[in-house]
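One structure is given below, encoded as structure tokens.
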Amino acid sequence: MDSAIDFTIGPEVTSVQAMAQATAMIRMTLPMFLSDVPEQAEVCRAVESVVTELVDVTARHKAGVDLVGRVAFDGTHVTVSVGDIKGALPAPEQEPGLYLVHRLADEVGQYAGDFGGRVTWAAVPARR
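Using this note's numbering, read the sequence shown as starting at 70 and increasing by one per residue.
Okay, structure coming up:
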């Protein structure tokens with residue numbers, strides 16, 4: 070079984086709708102990826118929180134038309150990638166939800182996206 074899922078959310082949705090769509094997709098698929106993880110429920114909650122915050126920030130500051138994302142499990146981390154955001158990721162002081170992302174993830178970063186912006190990623194540990 071592939072341990073990654075990609076998603077695209079079109080331009081016709083609000084940031085609240087984008088968060089709901091992304092979270093619903095995570096709730097359906099992530100438990101399958103984490104079936105052998107003892108702390109599955111806790112890790113799923115952490116990943117859902119990270120997805121929600123990154124989708125919210127990106128949806129409100131996106132560079133392209135669509136919001137694109139990927140959630141991948143490598144055995145030790147669930148890496149959430151969401152793009153494309155205009156410019157650098159705002160500081161947590163500007164986007165308070167990012168405090169939560171930084172607390173739940175071992176690492177947070179950005180790289181140049183395919184649609185003129187930047188993709189933000191966060192690696193959430195699968196063993197809490």
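Heads up, the beta-carbon is just placed ideally off N, CA and C, and yes, glycines get one too.
To which residues of the same chain is residue i closer than 8 Å at the C-beta, ignoring the five residues directly before and after it?
{"i": "Gly185", "result": "Ala132, Gly133, Asp153"}
{"i": "Thr145", "result": "Pro194, Ala195, Arg196"}
Near residue i, what residues of its chain come up, given a Cβ to Cβ distance below 7 Å and the 5 sequence neighbours on each side ignored?
{"i": "Thr92", "result": "Glu117, Val120, Thr121"}
{"i": "Phe102", "result": "Ser72, Phe142"}
{"i": "Arg129", "result": "Ser84"}
{"i": "His171", "result": "Pro161, Val177"}
{"i": "Asp135", "result": "Thr77, Ile78, Gly79, Pro80"}
{"i": "Pro100", "result": "Gln109, Cys113"}
Taking the beta carbon of residue i as the centre, do at least 16 other beta carbons fall within 10 Å, making it buried, or is it exposed?
{"i": "Val126", "result": "buried"}
{"i": "Val106", "result": "buried"}
{"i": "Ser150", "result": "buried"}
{"i": "Thr189", "result": "buried"}
{"i": "Ala181", "result": "exposed"}
Suppose contacts are defined by Cβ-Cβ distances below 9 Å. Is residue i in contact with residue j by that definition?
{"i": "Ala141", "j": "Ser72", "result": "yes"}
{"i": "Ile78", "j": "Val124", "result": "yes"}
{"i": "Val64", "j": "Ala195", "result": "The requested residue 64 is not part of the displayed model; the chain covers only 70 to 197."}
{"i": "Met88", "j": "Ile74", "result": "no"}
{"i": "Glu176", "j": "Ala160", "result": "no"}
If I measure Cβ to Cβ from residue i and keep anything under 6 Å in the same chain, skipping five residues before and after, which residues do I get?
{"i": "Val85", "result": "none"}
{"i": "Ala115", "result": "Leu173, Val193"}
{"i": "Gln179", "result": "Leu158, Arg187, Thr189"}
{"i": "Gln90", "result": "Ile78"}
{"i": "Thr98", "result": "Ile74"}
Check: Which runs of the alpha helix (DSSP H), 4 residues or longer, sit entirely within the region 80-152?
Finding: Contiguous alpha helix (DSSP H) elements confined to the region 80-152 occur at 84-102, 109-129, taking only those with 4 or more residues.
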